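Following my numbering, the numbering of the sequence shown begins with 135 at its first residue and continues without gaps. Yeah, the Cβ is synthetic: ideal placement off N, Cα and C, and Gly gets one too. Values in this document were obtained by computation on a predicted structure and should not be read as measured data.
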Amino acid sequence: MSCLVSLDKAPHSISDTELSNARSELIDLTEAGFKLDWLKTKLDEVSLERKKANANVSYVLELEEHIKNLKVELNKEKVKSAAKFLSLEQEVSALKYELNKDARSST
135 MSCLVSLDKA PHSISDTELS NARSELIDLT EAGFKLDWLK TKLDEVSLER
185 KKANANVSYV LELEEHIKNL KVELNKEKVK SAAKFLSLEQ EVSALKYELN
235 KDARSST
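Laid out in structure tokens, this is it:
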């Protein structure tokens, strides 16, 4: 009856091997004449919950990867923006210098 012990665990912590073993035990017990519809139902529920949990983990990993890529893009944009800002500051400074130079030469 290790299948009962397996089904007592949280769905995400049950391995594929444990699920397979539980199904095999259930088949053996059913073939021996035991009426275990309730156990089959429970095994199906646990299997479905496990699939959902694994799907959620995959989705979270995809989102984390997407966030990581977005952060890389954001940093690239920050660098571009900083470079443009610096270039603009230098241009403004050069124009101020020219204006001051022209003002001094006209006086």
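Beta-carbon spacing of residue i, residue j below 8 angstroms
i           : j           : result
residue 197 : residue 174 : no
residue 157 : residue 177 : yes
residue 181 : residue 153 : yes
N- and C-terminal bounds of the alpha helix (DSSP H) containing residue i
i           : result
residue 214 : 171-240
residue 142 : Segment: none, residue 142 is in no alpha helix (DSSP H) and carries neither H nor E.
residue 161 : 150-165
Own chain partners of residue i with C-beta closer than 6 angstroms, once the 5 adjacent residues on each side are dropped
i           : result
residue 187 : 145 and 146
Residues near residue i by beta carbon distance below 8 angstroms, same chain, minus five either side
i           : result
residue 184 : 145, 146, 148 and 153
residue 165 : none
Close Cβ partners of residue i (< 7 angstroms) along its chain, the five nearest in sequence each way excluded
i           : result
residue 234 : none
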